[in-house]
Amino acid sequence: MTYRISSLEDYHDTYQRSTVDPEAFWQEQAETFSWRKKWDQVLDWNFQEPRIRWFSGGVLNITENCLDRHIPTRGDQVAILWEPNDPKEDAISLTYRELLAQVCQCANALKKLGIKKGDRVVFYMPMVPELAVAVLACARIGAVHSVVFAGFSAQALADRVNDAEAKMIICSDFNQRGAKHIPVKKVVDQAMAMGCPSVERVLVHRNTGDEITWTEQDVWWHEEVPHQDVTCPAEPMDAEDMLFILYTSGSTGKPKGVVHTCGGYMVYTCFKFKNAFQYDEGDVYWCTADIGWITGHSYIIYGPLLAGATSMMFEGVPTFPDAGRFWEICEKHKVNQFYTAPTAIRALMAKGNDWPAKYDLSALKVLGSVGEPINEEAWHWYDTHIGKGNCPIIDTWWQTETGGIMITPLPGITDTKPTFASYAMPGIQPILVDADGNLVEGNDVEGLLCIKFPWPSMLRTTYGDHERCRQTYFSAFRDLYFTGDGARRDKEGRIRVIGRVDDVINVSGHRMGTAEVENAINEHPAVIESAVVGYPHDIKGQGIYAYVIVDNESDEIAAEIRSVVTREIGPIAKPDKIQVVPGLPKTRSGKIMRRILRKIASKETSRLGDVSTLLNPEIVETIIEGSKEA
Ligand code: PRX
10 MTYRISSLED YHDTYQRSTV DPEAFWQEQA ETFSWRKKWD QVLDWNFQEP
60 RIRWFSGGVL NITENCLDRH IPTRGDQVAI LWEPNDPKED AISLTYRELL
110 AQVCQCANAL KKLGIKKGDR VVFYMPMVPE LAVAVLACAR IGAVHSVVFA
160 GFSAQALADR VNDAEAKMII CSDFNQRGAK HIPVKKVVDQ AMAMGCPSVE
210 RVLVHRNTGD EITWTEQDVW WHEEVPHQDV TCPAEPMDAE DMLFILYTSG
260 STGKPKGVVH TCGGYMVYTC FKFKNAFQYD EGDVYWCTAD IGWITGHSYI
310 IYGPLLAGAT SMMFEGVPTF PDAGRFWEIC EKHKVNQFYT APTAIRALMA
360 KGNDWPAKYD LSALKVLGSV GEPINEEAWH WYDTHIGKGN CPIIDTWWQT
410 ETGGIMITPL PGITDTKPTF ASYAMPGIQP ILVDADGNLV EGNDVEGLLC
460 IKFPWPSMLR TTYGDHERCR QTYFSAFRDL YFTGDGARRD KEGRIRVIGR
510 VDDVINVSGH RMGTAEVENA INEHPAVIES AVVGYPHDIK GQGIYAYVIV
560 DNESDEIAAE IRSVVTREIG PIAKPDKIQV VPGLPKTRSG KIMRRILRKI
610 ASKETSRLGD VSTLLNPEIV ETIIEGSKEA
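Be aware that the sequence shown starts at 10, since it is given in our numbering, and climbs by one per residue.
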């Protein structure tokens with residue numbers, strides 16, 4: 010079984026061991042899994058290429074470790090507990106035995122439909138059990154899954170399908186969110202009409218039963234999957250074979266496909282799940298993330314199932330039918346570990362204390378936070394009104410690229426401090442550097458957050474563009490992985506992640522590249538140029554502020570720009586504020602001075618600094634004046 014740290018002393022010892030000899034440490038962890046063949050080499054790495062290989066030569070299938078391995082000991086234990094959008098409908102539980110059978114049926118259907126090892130399959134689905142089943146079915150046969158969050162637009166979906174050259178899309182007919190039925194299949198049809206030449210089949214799961222348009226590539230899930238055999242041999246995979254691609258935004262260009270591989274990802278996510286949540290046998294664990302993001306991959310599906318946990322999946326939204334929904338579910342299923350995003354906490358905090366007070370939350374033991382900095386007020390509300398002062402809060406810092414949790418308190422073991430992700434997990438060596446790459450030593454300091462040594466679940470490449478991976482993460486500082494985040498180390502050595510230092514904004518815990526949003530805005534025919542920055546937002550953490558130069562200003566321009574962004578990316582990228590400006594502050598070399606725009610958007614205009622070196626310093630006053638109405 011995966012090792013679980015049990016005391017502060019144990020944490021210090023384990024951490025020490027894991028950094029003095031990381032290979033020995035991770036080898037020991039890897040031994041606890043089931044391998045068809047053991048590895049030839051634990052680690053082979055070079056950050057300059059970058060080349061990162063863990064357990065190479067090892068052969069395994071991650072689904073044998075998530076499912077088959079547990080059958081003798083916990084075949085009848087619930088693996089996935091699914092709570093529907095509408096509380097009047099029944100929850101569904103799938104035991105490990107049932108989940109394995111369904112995964113095998115789906116895997117056989119995928120094979121029958123022509124999917125083979127290495128083929129890419131894109132998902133565009135709501136949070137239904139079939140999503141988890143089909144993701145695991147891909148892993149079973151060695152197909153590479155790429156889940157696209159079902160709130161992205163047809164254009165964004167088509168871009169991802171084409172970048173991955175996916176052979177199949179798996180979708181639902183409609184998605185239920187709150188009182189609404191959202192047409193998911195229609196978005197897939199639109200993406201296909203834009204041109205997705207690699208896609209041979211669209212496998213459609215019937216969720217709501219609302220009417221959809223049928224095309225010749227479409228296949229109904231219910232006409233194929235349930236008729237298949239309930240056993241399916243697991244494809245032997247090299248530890249370094251691709252497991253999945255997950256698209257995420259960066260500071261330049263289109264989203265990039267972060268690639269994770271089988272062996273290291275398996276070892277790491279399981280270890281971190283057990284330790285970060287201090288999961289005990291029989292606990293009910295609930296992560297509210299969507300499987301379209303890395304949190305859902307690592308901490309709804311893989312981490313918990315590898316650890317033999319009961320993982321809950323929720324189809325709905327926190328405020329339907331009312332703002333007590335999360336707490337009602339916690340009471341109903343006696344949830345022990347609850348993991349959510351600061352945005353959700355802030356949104357529910359705004360609805361008042363009466364909602365959580367109505368429910369029995371006494372089963373809760375650990376509360377988690379992920380995806381963005383949690384502010385002090387939200388942290389205390391979470392602690393007082395949800396944890397009742399009895400549940401340690403783990404503020405977990407990590408990224409799509411890191412695959413699993415990197416910096417977090419260990420509940421009940423290390424201390425917690427509001428807004429601090431605090432302590433490096435075993436095997437993780439975070440350091441701070443200044444802009445020139447010099448190590449920032451000592452405590453009570455700030456710097457750029459980098460990681461010094463490889464860990465098993467780090468990204469291996471960006472799909473189809475290895476150079477981009479090198480440039481983005483490994484070129485800023487020699488022999489370091491650069492996270493893109495700025496961080497502070499307090500007097501006692503705890504780490505607080507402050508936020509992105511690059512042109513990435515974090516809206517409700519979702520990453521958006523400013524360039525990506527600008528490109529979308531520029532699709533509006535009246536827009537000549539635009540600049541997008543983040544600004545503090547009470548609920549979302551950061552809001553999107555767009556400055557636009559237009560050649561023909563009309564009353565409808567803001568609404569039109571929002572609808573263009575919704576079409577190009579999806580509603581999550583819609584600017585909160587749009588200000589029409591006559592010009593943008595530029596350096597003499599023509600670069601937009603975003604620093605100034607960020608200050609104006611944040612209403613920090615008294616601290617703008619020297620603007621005299623700008624090409625057009627006079628524009629700054631005009632923008633400040635205009636910002637009062639934005
Ligand atoms: O800026 C950091 C922020 O979210 C970014 C990673 O986003 P993504 O790849 O979408 O993954 C989110 C879920 C793992 C980071 O670069 N971030 C994530 N967790 C925290 C955080 N910022 C502060 N505190 C956190 N706990």
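For each residue, glycine too, the CB sits at the ideal point set by N, CA and C. Since this is a predicted model, take the numbers as computed values, not measurements.
Could you tell me whether any non-hydrogen atom of the ligand PRX is closer than 7 Å to the CB of Glu386? For the purposes of this step, residue 386 is taken as the residue at position 377 of the sequence shown. Glu386 Cβ: outside cutoff for every heavy atom of the ligand PRX.
Which stretch, first to last residue, makes up the alpha helix (DSSP H) that contains Arg106? Along the sequence shown, one-based indexing puts residue 106 at 97. Residues Tyr105 to Lys121.
If you reduce the DSSP assignment to three classes, tell me which class Ile2 lands in. The requested residue 2 is not part of the displayed model; the chain covers only 10 to 639.
Use the C-beta contact count for Ile537: other C-beta atoms within 10 angstroms, 16 or more gives buried, fewer gives exposed. Taking the sequence shown and counting its residues from 1, the one referred to as residue 537 is at position 528. That one is exposed.
Can you round the beta-carbon distance between Ala243 and Asn70 to whole angstroms, since I take them to be within the 8 Å contact cut? Here residue 243 corresponds to residue number 234 of the sequence shown, with the count starting at 1. Here residue 70 corresponds to residue number 61 of the sequence shown, with the count starting at 1. Ala243 to Asn70, Cβ: 4 Å. Contact.
Grab the span of the alpha helix (DSSP H) containing Thr278 for me, first residue to last. Along the sequence shown, read from residue 1 onward, the residue named residue 278 stands at position 269. In the DSSP assignment, Thr278 falls within the unbroken alpha helix (DSSP H) covering Cys271 to Phe286.
Grab me the residues of Gln226's own chain with a C-beta within less than 8 Å of its C-beta, minus the 5 sequence neighbours each way, in chain order. Residue numbering aside, residue 226 sits at position 217 when the sequence shown is read from its first letter. Closer than 8 Å at Cβ, skipping near neighbours: Met201, Val208, Glu209, Arg210 and Val211.
Measure the alpha-carbon distance for Glu532 versus Ala568 and round it to whole angstroms. In the sequence shown, residue 532 corresponds to position 523, counting from 1. In the sequence shown, residue 568 corresponds to position 559, counting from 1. If I take the Cα positions, the gap works out to 14 Å.
Beta-carbon contacts of Ile61 that lie in its chain and below 7 Å, excluding the five residues immediately before and after: The sequence position of residue 61 within the sequence shown is 52, counting from 1. If we look at Ile61 and ignore the five residues flanking it on each side, its Cβ neighbours are Trp54, Pro463, Met467 and Arg469.
Asp198 to Ala173, Cα distance in whole Å? The residue labelled residue 198 in the question sits at position 189 within the sequence shown. The residue labelled residue 173 in the question sits at position 164 within the sequence shown. Asp198 and Ala173: Cα-Cα distance of roughly 18 Å.
Over the uninterrupted alpha helix (DSSP H) stretch that includes Cys205, give me the two end residues. For the purposes of this step, residue 205 is taken as the residue at position 196 of the sequence shown. No alpha helix (DSSP H) holds Cys205; DSSP gives it neither H nor E.
Collapsed DSSP secondary structure at Ile403 in the structure displayed: Working through the sequence shown from its first residue, we reach residue 403 at position 394. Reduced to three states, the DSSP call for Ile403 is strand.
Name the one or two DSSP bridge partners that Ile601 has. Counting from 1 along the sequence shown, the entry for residue 601 is found at position 592. Beta-bridge pairing links Ile601 to Lys595.
Lys397: which of Ile338, Asp619, Lys374 and Gly66 sits nearest, CA to CA? Mapped onto the sequence shown, residue 397 falls at position 388. Residue Lys374 is the option with its Cα nearest to Lys397.
Whole angstroms is fine: what's the gap from Ile221's alpha carbon to Met134's? Within the sequence shown, the letter at position 212 stands for residue 221. Within the sequence shown, the letter at position 125 stands for residue 134. Approximately 15 Å between the Cα atoms of the pair.
Using the three-state DSSP reduction, which class does Val637 fall into: helix, strand or coil? Taking the sequence shown and counting its residues from 1, the one referred to as residue 637 is at position 628. Sequence check: residue 637 is Lys here, not Val. Lys637: coil per DSSP, three-state reduction.
Please check if any C-beta of chain C sits within less than 8 Å of the C-beta of Arg129. The chain inventory of the structure shown lacks chain C, comprising one protein chain alone.
Secondary structure of Val228, DSSP reduced to three states: Taking the sequence shown and counting its residues from 1, one reaches residue 228 at position 219. Strand, per DSSP.
Considering only their Cβ atoms, is the gap separating Leu76 from Val51 smaller than 8 Å? Along the sequence shown, one-based indexing puts residue 51 at 42. Along the sequence shown, one-based indexing puts residue 76 at 67. The Cβ atoms of Val51 and Leu76 do not sit closer than 8 Å to each other.
In chain order, what residues of the same chain lie with their CB nearer than 6 Å to the CB of Glu92, ignoring the 5 residues before and after it? Along the sequence shown, read from residue 1 onward, the residue named residue 92 stands at position 83. Cβ within range, chain order: Ala100, Phe323 and Ile338.
Local Cβ density within 10 Å of Val542, reported as buried at 16 or more and exposed below that: Stepping through the sequence shown from its first residue, residue 542 is reached at position 533. Burial is judged here by how many other beta carbons sit within 10 angstroms of a residue's own beta carbon; Val542 has at least 16 and is buried.
Who sits around the ligand PRX, taking every residue whose Cβ is closer than 7 Å to one of its heavy atoms? Thr257, Trp302, Ile303, Thr304, Ser378, Val379, Gly380, Glu381, Pro382, Ile383, Asp404, Thr405, Trp406, Trp407, Gln408, Thr409, Glu410, Ala430, Thr492, Gly493, Asp494, Val506, Gly508, Arg509, Asn515, Gly518, His519 and Arg520
For a minimum of 3 consecutive residues, which ranges assigned as the beta strand (DSSP E) are wholly contained in the stretch 434-460? 439-442 and 454-460
Contact between the stretch 39-49 and the stretch 450-458 (3+ Cβ pairs under 8 Å): Too few Cβ pairs lie closer than 8 Å, so no.
Output needed for Val267: all residues of its chain with C-beta closer than 6 Å, excluding positions within five of it in sequence on either side, in chain order. Position 258 of the sequence shown, counted from the first residue, corresponds to residue 267. Counting only Cβ-Cβ distances below 6 Å, and skipping sequence neighbours, we find Leu255, Thr257, Thr409, Glu410 and Leu468.
Could you compute how far the alpha carbon of Ala610 sits from the alpha carbon of Phe429? Position 601 of the sequence shown holds residue 610. Position 420 of the sequence shown holds residue 429. Rounded to the nearest angstrom, the two C-alpha atoms are 26 Å apart.
Taking 8 Å as the threshold (C-beta atoms), are Leu252 and Ala271 in contact? Looking up residue 271 in the sequence shown gives position 262. Looking up residue 252 in the sequence shown gives position 243. Before going on, a small fix: residue 271 reads as Cys here, not Ala. For Cys271 and Leu252, yes; Cβs fall inside 8 Å.
Where does Thr425 land, buried or exposed, given buried means 16+ other C-beta within 10 angstroms? The residue given as residue 425 occupies position 416 in the sequence shown. Classification for Thr425: buried.
My output table needs one value for His394: the three-state DSSP class, helix, strand or coil. Position 385 of the sequence shown, counted from the start, is the residue given in the question as residue 394. Note: His394 maps to helix in three-state DSSP.
Relative to the alpha-carbon of Thr393, which residue among Gly380, Val379, Ala188 and Ser371 has its alpha-carbon at the smallest distance? The sequence position of residue 393 within the sequence shown is 384, counting from 1. Among Gly380, Val379, Ala188 and Ser371, the Cα nearest to that of Thr393 belongs to Ser371.
May I ask which residues mark the beginning and end of the beta strand (DSSP E) holding Leu52? Within the sequence shown, residue 52 is the residue found at index 43, counting from 1. From DSSP, the beta strand (DSSP E) with Leu52 extends over Gln50 to Asn55.
Could you check whether the stretch 559-574 touches the stretch 507-523, counting it as contact only if at least three pairs of C-beta atoms, one from each stretch, sit closer than 8 Å? no
What number of angstroms, rounded off, separates the C-alpha of Met706 from the C-alpha of Tyr490? In this structure the chain extends from 10 to 639, so residue 706 is not present and cannot be described.
8 Å Cβ cutoff met for Ser307 and Ala350: Within the sequence shown, numbered from 1, the residue matching residue 307 stands at position 298. Within the sequence shown, numbered from 1, the residue matching residue 350 stands at position 341. No, the Cβ-Cβ distance between Ser307 and Ala350 is not below 8 Å.
Is it true that the CB of Met246 sits closer than 8 Å to the CB of Val68? Here residue 68 corresponds to residue number 59 of the sequence shown, with the count starting at 1. Here residue 246 corresponds to residue number 237 of the sequence shown, with the count starting at 1. Yes, these two residues count as a Cβ contact at 8 Å.
If you measure between the beta carbons of Lys595 and Leu624, is that distance less than 8 Å? The residue labelled residue 595 in the question sits at position 586 within the sequence shown. The residue labelled residue 624 in the question sits at position 615 within the sequence shown. Yes, they are a contact pair.
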